[in-house]
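Residue numbers 8 to 369, in my numbering, belong to the letters of the sequence shown in order.
All C-beta atoms in this analysis are idealised placements derived from N, C-alpha and C, irrespective of residue type, glycine included.
Note that this is a predicted model, so its numbers are computed, not measured.
One structure is given here, and the rest of the page talks about it.
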Amino acid sequence: MAGIRIEGLHQAYGSVIALRDIRLEVADGEFLSLLGPSGSGKTTLLRILAGFEPPVSGRIFFDEKEVTFFPPEKRQAGMVFQNYALFPHLSVGENIAYGLRAAGASRQTITDRIREMLELVDLPGFAERDVHTLSGGQQQRIALARALAHHPKVLLMDEPLSNLDARLRVQTRVQIRDLQQRLGMTTVYVTHDQGEAFSLSDRVAVLLKGAIRQVDTPLSIYRHPADLEVAEFLGEMNRCLAAIQPSTGGFMCISLDGAGITASLPMDQCTGNLDGNRVLVGIRPESFGPPGHFNLNGKGILEEANFEGERWRLMVRIGSQVLLQHWPSAWIDRMPARGEPFGFSMNPATWNLFPATENQPL
């Protein structure tokens, strides 16, 4: 297997900057996801890693060997595409063997490798099947088998689950992670889905506007986003301006504007440098619960309640603030009517604190 190192990578299409000074290392055997919205540059970066297009500048190393301008077939990388790119006129086995035949592998090697790959993806006996008879999940696994057939050192995956339904996506990502761990293969995976990236990856690189904004473990990125833009991309978040009052022992007192809620938090909980006595507080909807569940209790007026199966989606007015709360459905036996008082608790330890600026809309 091989590690990956990217040094100062830039890409542009005319006047449009697609990637800006990308610097990234992927350890041997690591599963790293490139996570970002549409247009962030994640697929462009993957295509450059695969050798499908050259960068404007910068260097790429696989296993300490520079491959920046190597053609795809010289990189020892397997690629799984968003649309699978299976050949409809070829059987399952012929699809898996396509790259091996192009590389001049012997007939026996091809036969053995087809059997090996089908067993690897839990589809033994499928070699003679027509591609069009397969389900979406099975097609995805055949695409993965084809990518692995020539024993690549690196596996590159471009949103391979986007065409599957929600339930099958969850099942298939478990299979992908299990397979990657069994093989110990260095994997770079592109997705716009936060849950997908978090559940699959050892680390996640967040791309926004062509730049890597943060690289860390899924848990660290979610709990400690590098800045407000990263935090908001990672999921729904209430934004509240608040006043800061210095306290003792490295703590500060945070008072949410118009809500009558005050919490004592450590100074180092703020992302960035505090300037003055104002701060922007990011509060995730799941950091609320029943009274007494967390250590800061509050009361408000229920404005909206939507049942979503495994959870309730609640809008609660607290003074002049209306905050989104997510509660597991098992926590609520009787939902109050709209306009009724609503008690809750909060976990201030999960709050994200960002420097407040004059032009931050709420």
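Start and end residues, beta strand (DSSP E) containing residue i
i    : result
T198 : 193 to 198
F205 : First-last for F205: 201 to 207, but that is the alpha helix (DSSP H), not the beta strand (DSSP E).
L215 : 210 to 215
S262 : 258 to 263
R12  : 11 to 20
CA nearest to the CA of residue i, picked from the options
i    : options                : result
E14  : S22, D28, Y20, G21     : D28
L168 : T357, N359, H199, E310 : H199
M259 : L186, P355, E203       : P355
R122 : P225, L155, Q147, T75  : L155
A92  : D165, R120, D275       : D165
Y196 : V23, L16, R184         : R184
T357 : A238, A250, V323       : A238
S336 : M353, E315, A173       : E315
T278 : K49, A57, H231, A9     : H231
Q188 : I117, L175, G202, L207 : L207
L360 : R285, E317, L303, I339 : R285
Y20  : V33, P61, A9, R12      : P61
T364 : G256, L235, Q252, A344 : L235
Q276 : L186, L303, P362, V23  : P362
T193 : F351, E203, S22, L56   : L56
Residue range of the alpha helix (DSSP H) that includes residue i
i    : result
P335 : Segment 328 to 335 is the beta strand (DSSP E) holding P335; no alpha helix (DSSP H) there.
I339 : Element bounds for I339: n/a, residue is neither H nor E.
A356 : A356 -> no alpha helix (DSSP H), and no H or E assigned at all.
V237 : 235 to 240
L130 : No alpha helix (DSSP H) holds L130; DSSP gives it neither H nor E.
P232 : No alpha helix (DSSP H) contains P232, which DSSP labels as neither H nor E.
Residues near residue i by beta carbon distance below 7 Å, same chain, minus five either side
i    : result
T51  : Q18, A25, L26
L263 : C247, A249, V288, Q328
D172 : none
L175 : G143, G144
D137 : S98
V177 : none
Close beta carbons around residue i, own chain, < 6 Å, minus the five adjacent residues each side
i    : result
G132 : none
E347 : L309
E135 : S98
G267 : G326
Contact set for residue i: own chain, Cβ-Cβ below 8 Å, skip 5 residues either direction
i    : result
H139 : P95
R148 : V128, D129, L130, T179, Q182
D152 : A small fix is needed here, since residue 152 is Ala in this sequence, not Asp. Closer than 8 Å at the Cβ level, and outside the excluded window around A152, lie I103, M124, L125, L127, V128, L130.
E317 : P335, S336
R30  : I13, E14, G15, L16, I219
Runs of alpha helix (DSSP H) wholly within the segment 33 to 120 (minimum 4 residues, chain order): Uninterrupted alpha helix (DSSP H) stretches at least 4 residues long and entirely within the segment 33 to 120 occur at 49 to 57, 99 to 109, given in chain order.
Quick check for students: name the residue ranges of the beta strand (DSSP E) that lie wholly in the segment 269 to 312, counting only runs of 3 or more. Correct list: 285 to 290.
Residue ranges of each beta strand (DSSP E) run of no fewer than 3 residues wholly in the segment 137 to 184, ordered along the chain? Counting whole runs of 3 or more residues, the segment 137 to 184 contains the beta strand (DSSP E) stretches 161 to 165.
Is it a yes or a no for the segment 154 to 162 touching the segment 74 to 84, going by three-plus beta-carbon pairs under 8 Å? Yes, the segment 154 to 162 is in contact with the segment 74 to 84.
Given 8 Å, three or more beta-carbon pairs between the segment 59 to 70 and the segment 37 to 45: As far as the Cβ criterion goes, the segment 59 to 70 does not touch the segment 37 to 45, which means the pair count is below three.
Three CB pairs or more closer than 8 Å across the segment 289 to 298 and the segment 329 to 336: With the cut-off at 8 Å, the segment 289 to 298 and the segment 329 to 336 touch.
Mind the definition here: the segment 302 to 309 touches the segment 318 to 328 only if three or more C-beta pairs lie below 8 Å; say whether that holds. With a cut-off of 8 Å on Cβ pairs, the segment 302 to 309 is in contact with the segment 318 to 328, counting three or more such pairs.
Do the segment 212 to 222 and the segment 31 to 43 make contact, defined as three or more Cβ pairs closer than 8 Å? Yes, the segment 212 to 222 touches the segment 31 to 43.
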